[in-house]
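Working notes, structure below.
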Amino acid sequence: MFPIADGSAKSSIPSLGLAVALNYLSTEGIQPVPTESGWLKLKNTVFLPFQANDGGYVNTDDKGYQILLNWRSCKSSFPQVSVSEVLSDRIPKNLFQGRIVLVGNQAISVKDDFTTPCSQALGTTPITMAGVEIQANLASQIISAVLEERPLLQVWSKPKEYLWLVFWIVTVAIWGYQQQKRNNPLKIIIPILDLLVIEAVILIIISYLLFLKGWWIPLVPTLFGIVVAAVMIIGSIYIIQLLEANKNLEFKVAERTENLKESLEKLHQFQQQLIIKEKQASLGTLSGRIAHQIKNPLSLIDINISSSLIFLRQLSQIIEENRLIFEDIIEEIFQNNEEVIFNLEEKLTDSQEQVVRINQIIQDVLSYFRQEQLAPSLTDPNSLIDKVLQSVARQYQGAERESPVKLVTDFDPSIERIEIVEREIEKALINLLENAYYTVLSKQKKGNDSYIPTITVQTRNLFNRIEIRIRDNGEGIAENIITKIFEPFWTTKPALEGTGLGLFFAHQIIVGIHKGEILVDSTEGEYTEFTVLLPLNID
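Number 131 in the numbering used here belongs to position 78 of the sequence shown; there are no gaps in the numbering.
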């Protein structure tokens with residue numbers, strides 16, 4: 054219906070199709086009545102007006118009272134005869150009987166033809182439909198809907214259409230998400246495309262069946278939506294996998310770089326070890342030769358000093374025995390050379406002590422260089438420490454076989470055998486324990502009756518290495534010299550009691566050869582504690 058002046062349905066001009074249908078239905082006793090909403094009602098059929106966005110339409114002109122047209126067919130749904138055929142009586146006699154006949158002009162020059170949904174065909178030129186045929190379809194739809202209950206075209210509300218669209222897109226998204234764990238791109242794309250084809254077929258079938266029932270649902274937007282969703286999902290999965298591959302590649306590169314760094318570091322350490330071993334071998338050979346060359350004249354010096362001391366003592370004895378006979382001569386000699394004669398024996402004694410110290414240094418150096426060829430072996434640290442403790446303790450036992458020092462041991466039984474050069478570690482532990490004995494006994498000699506010299510030895514399993522603690526309650530180490538104790542030839546002991554090489558060699562054995570650590574903690578006058586950390590194997 055097309056509104057006139059006042060725009061109301063009551064004063065609207067009906068279209069030709071509607072007018073013909075109303076005229077035909079009036080012969081059946083059916084008259085149009087309005088619903089409560091003001092819509093046209095014929096018998097039990099209500100004709101809802103078209104809205105601007107119904108079905109596949111978007112912002113379409115919905116002025117007047119329009120309805121969606123359910124076409125009979127796209128190919129000549131109604132018999133057509135020309136005026137000349139009627140005038141020449143070339144039509145069947147009962148052709149018009151019981152039928153609605155519309156007379157119209159189909160000439161192109163009249164320009165009463167329109168494109169319709171039936172005009173579109175792939176690969177062909179659109180065919181227009183004459184206005185009279187369109188009106189015939191409209192009249193047929195109205196009459197069939199009222200008398201035969203043929204379904205009118207209906208559409209869903211916008212929320213329902215959105216839910217329908219989202220449902221199919223989400224289905225594709227969920228299926229695509231489940232495929233993202235596949236590594237092969239084809240194994241991702243093919244299942245998604247398979248689902249896309251299946252959904253498209255199902256959509257077309259559902260849309261067709263609903264269309265037969267008079268429902269026009271959004272088919273093309275839904276198909277377009279699932280295709281776009283599939284493309285986006287495939288693209289996003291590809292991007293995610295590309296990012297993961299890039300991340301994995303970066304991780305592998307970093308891992309390999311780290312491995313290369315570790316390998317280079319190990320190679321560098323191995324080279325350094327070889328250099329050190331070569332230097333030690335060269336130094337060992339050189340020191341052996343030097344020691345051999347030094348010891349011969351040193352022995353001669355020692356013999357000469359000893360002989361000189363003997364001669365000096367014999368001379369002193371002769372003079373003393375003949376003091377009365379040579380009293381005047383002795384008095385004159387002592388009067389002029391008293392200081393020289395008095396200090397001569399003391400100087401010779403000091404020289405002999407230095408010779409002894411030089412011999413000790415040579416022996417320590419030769420002993421250290423002889424150890425470098427020893428091979429590592431699996432050793433029980435607790436048993437080794439216990440053996441060293443007993444060996445050192447025996448050196449300090451008194452006449453009654455009692456040790457003057459209290460020994461406290463706390464060995465961790467969970468420690469298993471580790472790879473070490475046993476003789477070298479034994480040498481290092483002996484040096485540490487002898488220092489502990491020396492300091493506690495020195496403190497005891499100072500006359501404190503309540504003082505109990507104590508040495509504590511502990512072991513702990515740190516799982517990736519072991520810890521050995523040697524603690525004494527001796528004199529301690531001054532803060533200003535604690536950093537020097539590992540330097541060669543540095544010692545606080547008297548000349549004949551230490552060479553200053555014990556802690557130096559202990560440090561070289563633990564840190565240089567076994568790649569461990571040796572730490573020291575001390576408070577002067579209270580205690581000293583050495584902590585030795587050894588890896589489970591030398592490598």
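Just so you know, even glycine gets a beta-carbon here, dropped at the ideal spot from N, CA and C.
Presumed contact (8 Å Cβ cut-off) between residue i and residue j, rounded CB distance
i, j, result
"Leu589", "Glu472", "7 Å"
"Ile358", "Ser404", "5 Å"
"Pro85", "Leu101", "Rounded, the Cβ-Cβ distance is 14 Å, inconsistent with contact."
"Ala253", "Leu276", "6 Å"
"Leu263", "Ile270", "6 Å"
"Trp221", "Gly278", "7 Å"
"Trp124", "Asn190", "6 Å"
"Ser575", "Gly529", "5 Å"
Where residue i sits in the DSSP three-state scheme
i, result
"Asp463", "strand"
"Gln324", "helix"
"Arg524", "strand"
"Glu472", "strand"
"Glu453", "Here the model assigns Glu453 a pLDDT of 49, short of 50, so the residue's position is not dependable, and the following value carries that caveat. Coil at Glu453, not helix or strand."
"Leu587", "strand"
"Val445", "helix"
"Ile66", "strand"
"Glu391", "Bear in mind that a pLDDT of 49 at Glu391, under 50, signals an unreliable position, so the number given afterwards is only what the model happens to contain. In this structure, Glu391 counts as helix in the three-state DSSP scheme."
"Thr80", "coil"
"Tyr118", "coil"
"Thr507", "strand"
"Arg602", "Outside the displayed span of the chain (54 to 592) sits residue 602, for which this structure offers no information."
"Arg309", "helix"
"Tyr110", "coil"
"Arg366", "helix"
"Ser129", "coil"
"Gly500", "coil"
"Thr275", "helix"
"Val458", "coil"
"Gln104", "coil"
"Glu318", "helix"
"Pro541", "coil"
"Gly565", "helix"
"Asn190", "helix"
"Ala531", "coil"
Strand pairing of residue i, partner residues [DSSP]
i, result
"Lys94", "Val86 and Val99"
"Asp594", "No answer is possible for residue 594: the residues shown for the chain start at 54 and end at 592."
"Phe167", "Met182"
"Thr512", "Ile521"
"Gln207", "Trp268"
Candidates the options: closest to residue i by CA position
i, options, result
"Asn435", "Pro145, Ile358, Arg522 and Tyr504", "Arg522"
"Ile483", "Ile187, Val111, Phe557 and Asp142", "Phe557"
"Cys127", "Asn106, Thr181 and Val280", "Thr181"
"Val185", "Phe264, Ile270, Val73 and Val139", "Val73"
"Glu520", "Leu586, Val510 and Val564", "Leu586"
"Leu122", "Gln194, Asp142, Val99 and Val445", "Gln194"
"Ile153", "Ala192, Ser137, Phe167 and Pro429", "Ala192"
"Ser172", "Val163, Ala160 and Ile187", "Ile187"
"Val458", "Thr98, Asp465 and Arg447", "Arg447"
"Gln325", "Glu582, Ser68, Lys568 and Thr581", "Lys568"
"Pro541", "Gly529, Asp525 and Gln561", "Gln561"
"Asn106", "Val99, Ile120 and Thr98", "Ile120"
"Gly108", "Leu431, Arg476, Leu265 and Glu214", "Glu214"
"Asn237", "Glu570, Ile287 and Gln133", "Ile287"
heavy atom of the ligand ZN below 7 Å from residue i C-beta
i, result
"Tyr490", "For the structure depicted, the ligand ZN is absent and the ligand set is empty, with no information on it obtainable."
Residue range of the beta strand (DSSP E) that includes residue i
i, result
"Thr224", "From DSSP, Thr224 is part of no beta strand (DSSP E) but of the alpha helix (DSSP H) over Lys211 to Gln232."
"Leu431", "Ser430 to Thr432"
Endpoints, alpha helix (DSSP H) assigned at residue i
i, result
"Leu148", "Note, Leu148: premise wrong, no alpha helix (DSSP H); not H, not E."
"Ala559", "Gly555 to His560"
"Leu155", "Element bounds for Leu155: n/a, residue is neither H nor E."
"Glu138", "Val136 to Leu140"
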